[in-house]
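What follows is one structure encoded as structure tokens, with my remarks underneath.
Number of protein chains: 2
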Amino acid sequence: MAPRGERLKVTLHDVAARAQVSIATVSRVVNELSVSPASLARVRAAVAELGYVPNAAARTLRSERSWTMGLIFSDLRNTLGIELLDALSETIEAAGYSLIISTARGSAERYDELMRRFLERRVDALFCIRPPPRAGSLARYQAAGVPVMALFERSGDFEASPLVRPAFSEPGRALAQHLAGGGHAAVAVVRPPSRSPALAALTEALRDERLRVELVEPAESDGAREIVAGVLARPDRPTAIVAVDPLVRAVVGACHGLGVAIPGALSVVAVSDLAADAHYRRHGVSAVVIDPHRMGRASGAAMLAWLGGSVPAERIRVQAASFAARASSGPAGVVGG
Amino acid sequence: MAPRGERLKVTLHDVAARAQVSIATVSRVVNELSVSPASLARVRAAVAELGYVPNAAARTLRSERSWTMGLIFSDLRNTLGIELLDALSETIEAAGYSLIISTARGSAERYDELMRRFLERRVDALFCIRPPPRAGSLARYQAAGVPVMALFERSGDFEASPLVRPAFSEPGRALAQHLAGGGHAAVAVVRPPSRSPALAALTEALRDERLRVELVEPAESDGAREIVAGVLARPDRPTAIVAVDPLVRAVVGACHGLGVAIPGALSVVAVSDLAADAHYRRHGVSAVVIDPHRMGRASGAAMLAWLGGSVPAERIRVQAASFAARASSGPAGVVGG
DNA sequence: ACCACGTCCTTAAACGTTTACAGGCGACGT
DNA sequence: ACGTCGCCTGTAAACGTTTAAGGACGTGGT
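As they're listed, the protein sequences go chains Z and G. Heads up, the first sequence is in the working numbering, so the first residue is 197 and it goes up one at a time. Heads up, the second sequence is in the working numbering, so the first residue is 197 and it goes up one at a time.
Now the structure itself:
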């Protein structure tokens, strides 16, 4: 490996010697504490001449703050991609923090290993995106008083950590009004195999707006075709269907296959916790979508507030979801009995 | 802020006292250096009982290695998103490093500021994705012997850093053979406003395969419509057109508007440095696409090799690009004179 | 003239590791 | 019995900051 050059070995001592002051004074200048104008100028000059760059490791060691936050993805699928990271890192960087990222790639052991590594680095805070139910290291964070926040979802051990997730009441109301305004009386909501908090919240919002919600719980073996056929066969059948990824794409396909007109015979609405937004937009699928920037900003801000001393809410709801009406939903068609 | 708990304040000294050995011995155990079986067992037990977690800051301060690498995006647009990050971080994590990320959001000043921050953190290496031509801090990295690598593109000061980019000869050949096999003799290549190394490399490959390349250099004011019309009006006109994002989408739109059949009258091929892959696939646009995983893995591996002592090539070409023939390109149609 | 006080500064002690150096000690060859 | 050699371990000195404690010095009130 290339030898470390000399430029980064300039320390407070060197600057102090050059500016003819003590290292404490140099430290004050660097940290923008009060210093006499004369010293300030001399130190500034010395810093510039020597090319002094503070050593974060020494600072961290002494001050017990790393100015670093960790973020762990459980899995790359089902996440909001780089926009979330971007907004989050920008938010915390404005406060002086840096973001270290990792992916667990679906392995619980790896997740725990990553948490341990972040502990070694003494991160000042940790973001966990859809964390797994258990993680032995979590107890360590709690014992050490290091803030840990879950994003989007949580369960198991992480129930003790604040959860940041989008609020679905507003898009739920918008969706309900859109459907009710189109003459729909009943909506089929397809429950996915793994629970979806988003869908649950939306279902509630639909009911609040006086729409009849019919839960569809497909058997393990059912394909989209069976689901659609099942919905159509119901007495007084729903005229709209709400589903999450990746089921919704299959539903659209099945409708085409079965000759079911969208939105004429059945309005289709997608719920995207995810970044499938572009796909839906392009294909004219009405959807509840998430704005990853808002999630990132809100998560970062909440964490900064926590570090600032305020106790975070157990659930932090972010106005980051909205309903976009597109071609796949419209007025309820005439329904055969 | 929550008070730091006591669990993280367990140090080598505490472990040493408990295991009745010196801190040097504990350090040896933690770093897996040779230690007698008896000491090993006692220290291991003490570590477990006390919940000792090594302090990375102290380690970094003393050993002058942070086991950390930095990565800076110039801009979120035109990058390959999270897959690249994922592959890169996985690669370096396997060697014990962590990845710190940041976005400069198009601002050159911010870019420099970020580089300075990474310098404070004493990153062991730095990845710069499409860096701006100038960055004052770069000199510091060079002076300090910290490896800096550019990804995809570089210019200005960064010409001195190794560049990692996809190889385009193979996809270029594939594209050329695809077109030549379809009876195309001439291809229009649309030069984008900002230079595209990918397009340049492909152009060369096309020429190598004996296709006539006609460069189209649109005026500032030209829209896609003018470009397409211009190509069609050329004598002995090209029967295929190659363009980069976002122009290629506009070209497709213009063809529709002008009633130009794709691929009947004109084959359209996109060049994607970017993550537009999904879009092209969905719309059946033939394209040269990049595999971000390969780029990430290769970049990480190259950096590790550099840190391992081997001098990196000035340009590192990664087999990460491929040509995907889709509906927008096909046999050359009958061309009116 | 003296004391109290403020401002600016310095001294020195941490923070938790890594690592060069040397000491202890048993085994082994002579 | 004695040097020699290896192995294991301990001692102690860094690494570059932050920060508590207190010193120096000038100012203003009595």
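Note that beta-carbon positions come from the ideal geometry of N, C-alpha and C, so glycine has one too.
key: Contacting residues, own chain, Cβ-Cβ under 8 Å from residue 302 of chain Z (five flanking each side not counted)   = Locating residue 302 of chain Z in the first sequence gives position 106, counting from the first residue. So the qualifying residues of the chain are 270 and 271.
request  = Find the nearest neighbour of residue 357 of chain G within the set G:363, G:365, G:367 and G:346, judged by alpha-carbon distance.
outcome  = Taking the second sequence and counting its residues from 1, one reaches residue 357 of chain G at position 161. The candidate whose alpha carbon is nearest that of residue 357 of chain G is G:346.
message = Would the region 385 to 392 of chain Z count as touching the region 403 to 416 of chain Z if we require 3 or more Cβ pairs under 8 Å?
response = yes
message = Less than 8 Å between C-beta atoms, sequence neighbours within five positions excluded: which residues of the same chain meet that for residue 338 of chain G?
response = Position 142 of the second sequence, counting from 1, holds the residue named residue 338 of chain G. Only 344 and 356 meet the Cβ criterion.
ask   = Of all the CB atoms in chain G, is at least one closer than 8 Å to the CB of residue 251 of chain Z?
value = Start at 1 with the first residue of the first sequence, and residue 251 of chain Z comes out as number 55. With 8 Å as the cut-off, residue 251 of chain Z counts as an interface residue toward chain G.
ask   = So, helix, strand or coil for residue 518 of chain G, using DSSP?
value = Within the second sequence, numbered from 1, the residue matching residue 518 of chain G stands at position 322. It is a strand residue.
ask   = Taking all protein chains shown into account, do 16 or more other C-beta atoms lie within 10 angstroms of the C-beta of residue 352 of chain Z, making it buried, or fewer, making it exposed?
value = For this step, residue 352 of chain Z is matched to residue 156 along the first sequence. So residue 352 of chain Z counts as exposed.
query = Taking buried to mean at least 16 other C-beta atoms within 10 Å of its own C-beta, is residue 492 of chain G buried or exposed?
reply = Against the second sequence, residue 492 of chain G aligns to sequence position 296. Buried, by the Cβ-count rule.
request  = Decide yes or no for the touch test of the region 374 to 386 of chain Z against the region 427 to 439 of chain Z: beta carbon pairs closer than 8 Å, at least 3 of them.
outcome  = yes
inquiry  = Please report whether the beta-carbon of residue 340 of chain G lies at a distance below 8 Å from any beta-carbon of chain Z.
reply    = Mapped onto the second sequence, residue 340 of chain G falls at position 144. Yes, its Cβ sits closer than 8 Å to a Cβ of chain Z.
inquiry  = Give me the DSSP bridge partner(s) of residue 265 of chain Z.
reply    = Position 69 of the first sequence, counted from the first residue, corresponds to residue 265 of chain Z. Bridge partners of residue 265 of chain Z according to DSSP: Z:295 and Z:321.
message = Is there a Cβ of chain Z sitting closer than 8 Å to that of residue 486 of chain G, yes or no?
response = To locate residue 486 of chain G, count along the second sequence from 1; it is residue 290. By this cut-off, residue 486 of chain G is not an interface position.
request  = Drop a sphere of 10 angstroms on the beta-carbon of residue 404 of chain G, count the other beta-carbons inside from all chains shown, and report buried for 16 or more, exposed for fewer.
outcome  = Taking the first residue of the second sequence as 1, we reach residue 404 of chain G at position 208. Answer is exposed; the Cβ neighbour count stays below 16.
query = Taking Cβ-Cβ distances shorter than 7 Å, what residues in chain G pair up with residue 288 of chain Z?
reply = Mapped onto the first sequence, residue 288 of chain Z falls at position 92. Per Cβ cutoff of 7 Å: no residues; residue 288 of chain Z is ~10 Å from chain G at best.
request  = Alpha carbon to alpha carbon, how far is residue 518 of chain Z from residue 494 of chain Z? Give it in angstroms, no decimals.
outcome  = Position 298 of the first sequence, counting from 1, holds the residue named residue 494 of chain Z. Position 322 of the first sequence, counting from 1, holds the residue named residue 518 of chain Z. Going by the C-alpha atoms only, they are around 16 Å apart.
message = Using a Cβ-Cβ cutoff of less than 7 Å, which residues in the same chain neighbour residue 250 of chain Z once the five nearest sequence positions on both sides are dropped?
response = In the first sequence, the residue the question calls residue 250 of chain Z occupies position 54. Shown here for residue 250 of chain Z: same chain residues with a beta carbon closer than 7 Å to its own, the five before and five after excluded, namely 226 in chain order.
query = Where do the ends of the alpha helix (DSSP H) carrying residue 412 of chain G lie?
reply = The residue given as residue 412 of chain G occupies position 216 in the second sequence. Segment 408 to 412 is the beta strand (DSSP E) holding residue 412 of chain G; no alpha helix (DSSP H) there.
key: In DSSP terms, what residue 463 of chain G is bridged to   = On the second sequence, position 267 is the one that residue 463 of chain G refers to. DSSP output for residue 463 of chain G lists G:436 as bridge partner(s).
ask   = From residue 238 of chain Z to residue 254 of chain Z, what does the alpha carbon distance come to, in whole angstroms?
value = Taking the first residue of the first sequence as position 1, residue 238 of chain Z is located at position 42. Taking the first residue of the first sequence as position 1, residue 254 of chain Z is located at position 58. In a straight line, the C-alpha of residue 238 of chain Z is about 24 Å away from that of residue 254 of chain Z.
query = Between which two residues does the alpha helix (DSSP H) harbouring residue 448 of chain Z extend?
reply = Position 252 of the first sequence, counting from 1, holds the residue named residue 448 of chain Z. Note, residue 448 of chain Z: alpha helix (DSSP H), 443 to 454.
request  = Could you check what DSSP says for residue 458 of chain Z in three-state terms: helix, strand or coil?
outcome  = Translated into positions along the first sequence, residue 458 of chain Z becomes position 262. DSSP places residue 458 of chain Z in coil when its eight states are reduced to three.
ask   = According to a CB-to-CB cut-off of less than 7 Å, which residues of the region 207 to 238 of chain G neighbour chain Z?
value = When C-beta distances to chain Z are compared with 7 Å, every residue of the region 207 to 238 of chain G stays at or above that value.
message = I'd like to know whether the C-beta of residue 279 of chain G is nearer than 8 Å to at least one C-beta of chain Z.
response = The residue labelled residue 279 of chain G in the question sits at position 83 within the second sequence. Proximity of residue 279 of chain G to chain Z, defined by a Cβ-Cβ separation below 8 Å, is satisfied.
inquiry  = Any contact between the region 453 to 460 of chain G and the region 448 to 460 of chain Z? By contact I mean 3 or more CB pairs, one from each, below 8 Å.
reply    = no
ask   = When the Cα atoms are used, what is the spatial distance from residue 222 of chain G to residue 246 of chain G?
value = As a first step, residue 222 of chain G is located in the second sequence; it is residue number 26 there, counting from the start. As a first step, residue 246 of chain G is located in the second sequence; it is residue number 50 there, counting from the start. Using only the alpha carbons, I get a separation of about 13 Å.
query = How about residue 206 of chain G and residue 264 of chain G: do their beta carbons lie closer than 8 Å?
reply = Stepping through the second sequence from its first residue, residue 206 of chain G is reached at position 10. Stepping through the second sequence from its first residue, residue 264 of chain G is reached at position 68. Not closer than 8 Å, so no.
ask   = For a contact meaning CB atoms closer than 8 Å, what does residue 336 of chain G contact in chain Z?
value = Reading the second sequence from its first residue, position 140 is the one you call residue 336 of chain G. Chain Z residues near residue 336 of chain G: 203, 204, 247 and 249.
request  = Kindly indicate which three-state DSSP category residue 540 of chain G falls into: helix, strand or coil?
outcome  = Only positions 197 to 533 of chain G appear in this structure, which leaves residue 540 of chain G out of reach.
task = Give a yes or no on whether 8 Å exceeds the smallest Cβ distance from residue 525 of chain G to chain Z.
result = Position 329 of the second sequence, counting from 1, holds the residue named residue 525 of chain G. Not closer than 8 Å to any Cβ of chain Z, the Cβ of residue 525 of chain G fails to qualify, so no.
request  = Using a cut-off of 9 Å between C-beta atoms, extract the partners of residue 407 of chain G located in chain Z.
outcome  = Here the question's residue 407 of chain G lines up with position 211 in the second sequence. Going along chain Z, no residue has its Cβ under 9 Å from residue 407 of chain G, so there is no contact; the nearest lies around 32 Å.
ask   = Since residue 399 of chain G meets chain Z, which of its residues come closer than 9 Å, beta carbon to beta carbon?
value = Position 203 of the second sequence, counting from 1, holds the residue named residue 399 of chain G. Within chain Z, no C-beta atom comes less than 9 Å from the C-beta of residue 399 of chain G; the nearest is roughly 29 Å away.
key: Extent of the continuous alpha helix (DSSP H) to which residue 211 of chain Z belongs   = Here residue 211 of chain Z refers to the residue found at position 15 when the first sequence is read from its first residue. Run containing residue 211 of chain Z: 208 to 215, per the alpha helix (DSSP H) assignment.
inquiry  = On a Cα-Cα basis, can you pick out the residue from Z:476, Z:258 and Z:241 that is closest to residue 210 of chain Z?
reply    = Looking up residue 210 of chain Z in the first sequence gives position 14. Among Z:476, Z:258 and Z:241, the Cα nearest to that of residue 210 of chain Z belongs to Z:241.
ask   = How about residue 282 of chain G: is its C-beta nearer than 8 Å to some C-beta of chain Z?
value = Residue 282 of chain G sits at position 86 when you count from the first residue of the second sequence. Yes, residue 282 of chain G counts as interfacial toward chain Z.
Residues near residue 336 of chain Z by beta carbon distance below 7 Å, same chain, minus five either side = As a working note, residue 336 of chain Z is residue 140 in the first sequence. So the list reads 315, once near-sequence residues are dropped.
query = So is the beta-carbon of residue 433 of chain Z under 7 Å away from any non-hydrogen atom of the ligand GTP?
reply = No copy of the ligand GTP appears in this structure; indeed no ligand is present at all.
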